[in-house]
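Counting from 1, one number per residue, gives the positions in the sequence shown under the UniProt record's numbering. What follows is a short report on a single structure.
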Amino acid sequence: MTNTKVCDFYCYFDKKIILTLLQDILIVFSIIHCIRPEKMRDRTKELNNTAQTSDEDEEDRALMPSTPREEKENEVFFKKVKEIREGMEMLKGKVSDLENKQKTVLGVALPEDEMKRELQTLRDEIKTLAMQIQRKLKTIEPKKGEDDGQYVPINLRMQRTQHGILSRALVELMGHCNTIQASYRDRNVERIQRQLRITGNNVTDEKLDEMLESGQTDVFTQNILVDAKATKQALNEIESRHDEILKLERSIRDLHDMFQYLAMEVEAQGEMVNRIEANIINSTNYVEKAVENTAQAASYQNQARRKKMWIALCCAILIIILAISLGTAFS
């Protein structure tokens with residue numbers, strides 16, 4: 001009777017471990033493929049359609065194996081996602097290089113032409129790479145109206161998730177790029193104001209903005225008598241900084257026009273993307289906890305196995321002692 005209960009206990013314990021492992025695998029699979037566990041999904045639409053589909057049917061569809069066609073589409077989709085992520089990493093590196101080079105140029109009174117050319121080349125590379133990423137994002141954008149208000153297939157939800165997260169990451173990165181360029185422009189304007197004061201021309205901010213918007217560098221030198229070497233150097237720096245500001249404004253304007261529509265789309269999807277990210281974070285926490293529970297369960301199983309061995313050994317020794325005792329008694 002006791003042995004039967006022990007066996008039943010271990011069978012039940014092994015089943016619990018297997019079920020726990022299966023649940024962990026499903027959670028990890030859901031994170032990798034952007035499939036949310038049922039309790040983490042927004043069920044508003046589905047609850048409105050309870051007359052047409054039951055929760056059990058939906059679960060069956062959610063866990064249904066992918067067809068060969070869907071697997072092929074997923075393979076192509078994830079290949080594009082990988083290319084976009086690699087492009088984003090490259091773009092992030094170029095934006096960081098741009099920030100560092102701008103700091104270097106600001107530290108020089110009269111930047112060499114080579115330094116300014118490198119800076120402009122980097123801006124052009126950022127613009128080109130950003131356009132390439134934007135085009136690739138367009139190729140993975142799910143078509144609107146595909147779900148017609150009914151059940152949304154897993155593949156479509158996964159594509160929307162990936163596209164939303166990548167789009168927002170690109171908008172945030174380009175927003176940071178525009179911010180550092182705007183800061184660089186402001187620093188150049190400050191340098192121009194300082195050099196104008198050196199030449200004896202104290203201009204107001206409004207007047208300076210008007211001079212910058214005119215796009216003509218000679219507006220800074222008119223009516224200024226160049227009698228001293230320091231004044232000449234100041235005027236040269238003013239013209240150099242003005243050229244740099246004009247290039248900056250063109251770059252900022254181009255990037256703004258390029259990503260204005262994408263930014264509006266991301267803003268419209270903001271709540272959904274935030275919910276997705278929250279679900280991913282929660283899923284990660286669940287996985288970590290599940291891993292801890294699995295390790296703890298494995299430890300308990302090892303301990304139970306060792307105890308079982310000790311019990312078996314004690315029983316064997318007891319049987320031997322009883323056999324010897326009985327043999328001695330009968331002899």
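Glycine included, every Cβ here is placed at the ideal spot set by N, Cα and C.
Contact check, residue i vs residue j, beta carbons under 9 Å
i	j	result
leucine 170	glutamine 134	yes
isoleucine 140	lysine 82	no
leucine 91	valine 105	no
alanine 297	isoleucine 252	no
glutamate 166	leucine 137	The sequence shown places leucine at residue 166, rather than the glutamate named in the question. Yes, Cβ-Cβ distance for leucine 166 and leucine 137 is below 9 Å.
methionine 174	leucine 255	yes
isoleucine 180	valine 95	yes
glutamine 159	glycine 87	no
Cβ neighbours of residue i in the same chain (closer than 8 Å, five flanking residues each side left out)
i	result
tryptophan 310	none
glutamate 70	Asn155
alanine 312	none
glutamate 114	none
phenylalanine 78	none
arginine 85	Leu166
asparagine 285	none
Extent of the continuous alpha helix (DSSP H) run through residue i
i	result
threonine 104	68-106
lysine 136	113-139
Residue i, buried or exposed, once every other Cβ within 10 Å from all chains shown has been counted against 16
i	result
leucine 98	buried
valine 76	exposed
asparagine 100	exposed
alanine 130	buried
isoleucine 324	exposed
glutamine 102	buried
aspartate 124	exposed
arginine 168	buried
isoleucine 320	exposed
isoleucine 192	buried
arginine 117	exposed
arginine 157	buried
threonine 161	buried
isoleucine 317	exposed
asparagine 188	buried
arginine 43	At arginine 43, the pLDDT of 44 sits below 50, so the modelled position is not reliable; the number obtained from the coordinates is stated separately. Under this definition arginine 43 is an exposed residue.
aspartate 57	The predicted model places aspartate 57 with a pLDDT of 49, which falls under 50 and marks its position as unreliable; any figure quoted below should be read in that light. By the 10 Å Cβ count, aspartate 57 comes out exposed.
Inter-residue CB distance, residue i and residue j (contact presumed, cutoff 8 Å)
i	j	result
proline 142	histidine 176	With 8 Å as the limit, proline 142 and histidine 176 do not qualify as a contact, their Cβ atoms being about 27 Å apart.
arginine 185	glutamate 112	Not a contact, Cβ separation roughly 20 Å.
Proximal residues to residue i (C-beta, below 6 Å), its chain only, five neighbours per side dropped
i	result
leucine 302	For clarity, residue 302 is asparagine in the given sequence; the question names leucine instead. Cβ within range, chain order: n/a, list empty.
7 Å Cβ shell around residue i - same chain, five flanking residues per side excluded
i	result
lysine 247	Gln120
glutamate 288	none
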